[in-house]
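The structure under discussion appears below in the form of structure tokens.
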Amino acid sequence: MGAAGVSALALLAATCPVAAHAEEAAAADAAPDAAADAAASGGPIGEIVVSAERTNVTLQKAALSVAVVTDETLNQANITEITGLNGSVPGLVVAKSGGGERMISIRGIGSETPENPSTQPGVSFHVDGVYIFNSIAANAAFIDVAQVEVLRGPQGTMYGQGSTGGTINVVSKQPDPTEMSGSANIGYGNYNLLKADAAINVPITDTLAIRAAGQHYRHDGYAKATDVAGDPDYELDDADEWGGKFAVKWTPNDRVSVLLSTIQYKGDQNATAQKNVLDPNPDPRELTQDFPGKTYIRTQLYYGVIKFDLGGATFSSITSYQKLHSDLSWDGDGLNRELFFDVSGGFASYDHIATWEQNTTSWTQEYNIASDTDGPFRWIVGGVYLRSKNKNYINEYRSNVGDGLNPPLATNTPYNDPLVSAITYAELSAVTREAYAGYAQASLEVNKALTVTAGLRYNHDKYTGVTDSMSGGTSGNTSGAYLQPEPGVGTSTARLTGKFALDYQLTPSNMVYASYTRGFKPGGINSAASGGNSSFLALGWDTGVKPTYKPETLDSIEIGSKNRFFGNTLQINASAFYYFYKDLQFLEEDAILFGEGISNGPKAEVYGAELEMDWHATEHLRFEGSLSLLHGEFKGDYLALNATSADAAQVAAGYGGVGGFFANFYPASLVREAARENINGNKIPKMPSVQGSAAVSWTGEIGPGQLTARAQYIYRGKFESRVFNTPVQDDTPDYSQVNLFASYAFADSGISVSATVTNLFDKNGINSRFTDPYGSGQISDTYIAPRQAIFSVGYKF
Numbered sequence: 008m009g010a011a012g013v014s015a016l017a018l019l020a021a022t023c024p025v026a027a028h029a030e031e032a033a034a035a036d037a038a039p040d041a042a043a044d045a046a047a048s049g050g051p052i053g054e055i056v057v058s059a060e061r062t063n064v065t066l067q068k069a070a071l072s073v074a075v076v077t078d079e080t081l082n083q084a085n086i087t088e089i090t091g092l093n094g095s096v097p098g099l100v101v102a103k104s105g106g107g108e109r110m111i112s113i114r115g116i117g118s119e120t121p122e123n124p125s126t127q128p129g130v131s132f133h134v135d136g137v138y139i140f141n142s143i144a145a146n147a148a149f150i151d152v153a154q155v156e157v158l159r160g161p162q163g164t165m166y167g168q169g170s171t172g173g174t175i176n177v178v179s180k181q182p183d184p185t186e187m188s189g190s191a192n193i194g195y196g197n198y199n200l201l202k203a204d205a206a207i208n209v210p211i212t213d214t215l216a217i218r219a220a221g222q223h224y225r226h227d228g229y230a231k232a233t234d235v236a237g238d239p240d241y242e243l244d245d246a247d248e249w250g251g252k253f254a255v256k257w258t259p260n261d262r263v264s265v266l267l268s269t270i271q272y273k274g275d276q277n278a279t280a281q282k283n284v285l286d287p288n289p290d291p292r293e294l295t296q297d298f299p300g301k302t303y304i305r306t307q308l309y310y311g312v313i314k315f316d317l318g319g320a321t322f323s324s325i326t327s328y329q330k331l332h333s334d335l336s337w338d339g340d341g342l343n344r345e346l347f348f349d350v351s352g353g354f355a356s357y358d359h360i361a362t363w364e365q366n367t368t369s370w371t372q373e374y375n376i377a378s379d380t381d382g383p384f385r386w387i388v389g390g391v392y393l394r395s396k397n398k399n400y401i402n403e404y405r406s407n408v409g410d411g412l413n414p415p416l417a418t419n420t421p422y423n424d425p426l427v428s429a430i431t432y433a434e435l436s437a438v439t440r441e442a443y444a445g446y447a448q449a450s451l452e453v454n455k456a457l458t459v460t461a462g463l464r465y466n467h468d469k470y471t472g473v474t475d476s477m478s479g480g481t482s483g484n485t486s487g488a489y490l491q492p493e494p495g496v497g498t499s500t501a502r503l504t505g506k507f508a509l510d511y512q513l514t515p516s517n518m519v520y521a522s523y524t525r526g527f528k529p530g531g532i533n534s535a536a537s538g539g540n541s542s543f544l545a546l547g548w549d550t551g552v553k554p555t556y557k558p559e560t561l562d563s564i565e566i567g568s569k570n571r572f573f574g575n576t577l578q579i580n581a582s583a584f585y586y587f588y589k590d591l592q593f594l595e596e597d598a599i600l601f602g603e604g605i606s607n608g609p610k611a612e613v614y615g616a617e618l619e620m621d622w623h624a625t626e627h628l629r630f631e632g633s634l635s636l637l638h639g640e641f642k643g644d645y646l647a648l649n650a651t652s653a654d655a656a657q658v659a660a661g662y663g664g665v666g667g668f669f670a671n672f673y674p675a676s677l678v679r680e681a682a683r684e685n686i687n688g689n690k691i692p693k694m695p696s697v698q699g700s701a702a703v704s705w706t707g708e709i710g711p712g713q714l715t716a717r718a719q720y721i722y723r724g725k726f727e728s729r730v731f732n733t734p735v736q737d738d739t740p741d742y743s744q745v746n747l748f749a750s751y752a753f754a755d756s757g758i759s760v761s762a763t764v765t766n767l768f769d770k771n772g773i774n775s776r777f778t779d780p781y782g783s784g785q786i787s788d789t790y791i792a793p794r795q796a797i798f799s800v801g802y803k804f
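Set out below in structure tokens:
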């Protein structure tokens, strides 16, 4: 039961209509579909109604690539957050980055700007259609989820900027006034895992209902840091997460509906395990580190949706407000004092990030009017406004003096406080983003077979900000606080995007489509460079990091076919696409130390194909599978500066370390500048050439209940982790994983028991290889979770 997360295949175990969303929309009214029974019993594949582009259409007739992972699949595979989707959706890669970030890419298009929250992602992330502004918030656990939707390829009209690669939307279950219902589940597993959740839906009247849900997820660390003073078994990759949701829905009549909802999340645990590739301990789960890193994330989401049936069209108002507070600390060098002293050539014994604190507040407002879906002509027009402010505070310590366990300084620490001199790098900044967009899209059925779809969106983004940073333990201020942010260079972006598509129904069960879409994500501000810390401003070198960076754009041509055979028991969908990619945003080093920032890469091209299959072979037996083939490379000259190469050149010239650089500022800058390399012909990062999954499941009546058994195989191919394609350093190897699931539901009781085993063969697959673009530039691996066995008991009514 449940899908493997393949578009149109995996969907078939869940038949909640996909909510209609635009970029910042709120989720809407997903409701169970009768086709779920057919899919669950192994009968003909049911139809899935999707409205991801705001007009309801069955999945097999939608001229776009969309995948849905159901709540059943999430539970069966123990997927508790977005990283767990790796391998379950064609073309999707979720890589862990520094601190608590998740770098999401679809078909190789995502974000190459780690630890820079002011940039926009290449894959926009949504909870109930509400655009989530900060990538760290993607850590939030999946709370009372109906399904996770993945739209592949640029979304030029409905989702606009920030979705050059695609869009992910987590749809939660909504209040239902027709009946009282609820569920509760509790599971226990190795690593002292505890997984508990409960939900209840209560009709207050025929027109008013509430839904409440809560969950707790915890487990001991999958890895440990061995050299933390006083705690040689300091846990890493542990979990302690709480989440909750409360929603109220009121439908006073058949023309008006009001939905108010809030989703809350808190995670308070130790740091992610990032194993330095130079760590001499061969055990991937034991890290020779000496800093007790912490991860604290708190997210709050509030939204409301009001809908009016105008007769022939529906007017919607969608309002959202969200807050994020995160405080992350981690071992930046990834080693103990002795090892890092040798690695750094004697320039430092530790490099620790004592805090990377972020506070983001955002709100959005959208209005739209959409036609009823009956008839040959469907349309929608709308407008969106959003505003977000992201504050950052960073303290990093790197020295040969002391133990490096200094606590973060208060932001109001005086400039002449002796503790200031211990700081290697500090930043206090705030970036405000203000954006608005207008969009329109329409579909016309020219005849019973041919449909034409066209849409346009105008996007306008504006960035302003204040910043102050300090390098090398010396504040530039002579009074007041040691950091005093001042306005930097602002920037604005205006772009027109859109979509044009044709789909042709060859038979009632077979269709082909072709589409052209343009997507983009806006430019922005480089805080350090705008404050003067770059060779572009300080030395006049045109190759240096600029105070602002340009938008990136992507033009997509896609063709596809969606097919059903043998009485709707076999479904085969295929697509092929070509992308023309321009001005890719990536994080680049500067000739001046601590002058890193976002640059725009050369032109690039991406092409690939995807194949998806779902076969209900018998009443009980079902096979699912997916395959993704990708290739992408840069097609223009660009001399990029790799932080690793720049630092190595600096050390080789005798200017190593912070003090060595600043004592020889100009010659050290020249040495670093000479380390630039041409990335023309390099592969685009986060793009496995081969990726796929296969699953077999059996469902049938045995004794007094129903047994479901499922086995899944996942393969993710190797890829380059950065645009530089440095051998070994950027080579992220492939891995495979086998998951097993079995459940037994006792008839007419609501009680079920289940057992899940993920990563059956306990593979140490590398989720990502990360080169820290800041600090000491160490290279580390993060691993997939080890073998996890969970036994659960559930009750549903």
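Residue numbers (our numbering): 8 to 804. Where is the CB? At the ideal position from N, CA and C, for every residue including glycine. Since the structure is predicted, the reported quantities are computational estimates derived from the model, not experimental observations.
- Message: Tell me the residue span of the beta strand (DSSP E) that contains Asp-510.
- Response: 498-514
- Classification of Gln-785 by the beta-carbon crowding that lies within 10 angstroms, buried from 16 upward: buried
- Starting from the Cα of Phe-143, find the closest Cα among Leu-215, Leu-243, Gly-274 and Asp-245 and give me that residue. Checking the sequence shown, residue 143 turns out to be Ile, not Phe. For Ile-143, the nearest C-alpha among the options comes from Gly-274.
- Task: Starting from the C-beta of Arg-683, find all residues in its chain whose C-beta is less than 6 angstroms away, skip the five residues before and the five after it, and write them out in chain order.
- Result: Leu-646 and Leu-648
- Message: If contact is defined by three or more beta carbon pairs under 8 angstroms, each pair taking one atom from either stretch, is the stretch 724-736 in contact with the stretch 702-712?
- Response: no
- Message: My output table needs one value for Lys-68: the three-state DSSP class, helix, strand or coil.
- Response: helix
- Item | DSSP bridge partner residues for Met-477 (one or two, in chain order) | Ala-433
- Query: Among residues of its own chain, excluding the 5 on either side of Pro-259, which ones have a beta-carbon nearer than 6 angstroms to its beta-carbon?
  - Reply: Thr-214
- Message: What would DSSP say about Asn-197, mapped onto helix, strand or coil?
- Response: coil
- Message: Taking 9 angstroms as the threshold (C-beta atoms), are Ser-478 and Asn-402 in contact?
- Response: no
- Query: Excluding the five sequence neighbours on either side, which residues of its own chain have a C-beta within less than 7 angstroms of the C-beta of Asp-151, listed in chain order?
  - Reply: Ser-179, Lys-180, Ala-206, Ala-220 and Lys-252
- Message: So the candidates are Ile-691, Ser-369, Ser-534 and Pro-492; which of them puts its Cα closest to the Cα of Phe-3?
- Response: Because residue 3 is not part of the residues shown, which for the chain are 8 to 804, the question remains open.
- Query: Between the Cα of Gly-615 and the Cα atoms of Gly-163, Leu-544 and Val-697, which residue gives the shortest distance?
  - Reply: Val-697
- What did DSSP end up calling Asn-82 once you bin it into helix, strand or coil? helix
- Under the three-state DSSP convention, the category Val-13 falls into: Note that Val-13 scores a pLDDT of 33, beneath 50, so its modelled location is shaky; the value from the coordinates is reported in the next line. Coil, per DSSP.
- Return the first residue and the last residue of the alpha helix (DSSP H) that Arg-225 is part of. Per DSSP, Arg-225 belongs to no alpha helix (DSSP H); it is in the beta strand (DSSP E), 215-226.
- Task: Since I believe Ser-104 is in contact with Thr-174 (beta carbons under 8 angstroms), could you give me their beta-carbon distance rounded to a whole number of angstroms?
- Result: 20 angstroms between Cβ atoms; not a contact.
- Task: Please state whether DSSP places Arg-679 in a helix, a strand or coil.
- Result: helix
- Beta-carbon proximity check, Gly-699 vs Gln-744, cutoff 9 angstroms: no
- Message: Between Gly-136, Tyr-673, Asp-245 and Glu-88, which has its C-alpha nearest Gln-329's C-alpha?
- Response: Gly-136
- Item | Residue range of the alpha helix (DSSP H) that includes Leu-545 | For the sequence presented, residue 545 should be read as Ala rather than Leu. 542-545 is the span of the alpha helix (DSSP H), which, as asked, contains Ala-545.
- Three-pair Cβ contact test at 8 angstroms for the stretch 385-394 versus the stretch 436-453: yes
- Query: Which same chain residues, not among the five before or five after Leu-266, have their C-beta less than 6 angstroms away from its C-beta?
  - Reply: Lys-256 and Val-312
- Item | Bridge partner(s) assigned by DSSP for Trp-363 | Leu-335 and Ile-401
- Message: Please state whether the Cβ-Cβ distance between Asn-208 and Pro-182 is less than 9 angstroms.
- Response: yes
- To which residues does DSSP link Leu-634 through a beta bridge? Leu-618 and Gly-699
- Message: Just list the residues that DSSP pairs Phe-584 with in beta bridges.
- Response: Glu-565 and Gly-615
- Tell me, please, which residues DSSP counts as bridged to Ala-449. Trp-386 and Ala-461
- Under 9 angstroms, do Asn-141 and Leu-331 count as touching if we go by C-beta distance? yes
- Task: Would you be able to state if there are at least three C-beta pairs under 8 angstroms between the stretch 549-566 and the stretch 507-523?
- Result: yes
- Task: Under 8 angstroms by Cβ, that's how I've got Tyr-470 and Thr-498 pegged, so tell me the actual separation to the nearest angstrom.
- Result: 5 angstroms
- Message: With the cut-off set at 9 angstroms, would you say Ala-153 and Glu-88 are in Cβ contact?
- Response: no
- Candidates Asp-597, Lys-68 and Thr-164, of which the one nearest Ser-676 by Cα: Asp-597
- Message: Less than 9 angstroms between the C-beta atoms of Leu-2 and Pro-558, yes or no?
- Response: With the chain covering only 8 through 804, there is no way to say anything about residue 2.
- Are the CB atoms of Ala-254 and Glu-242 nearer to each other than 9 angstroms? no
- Item | Enclosing alpha helix (DSSP H) for Gly-664 [first to last residue] | 664-670
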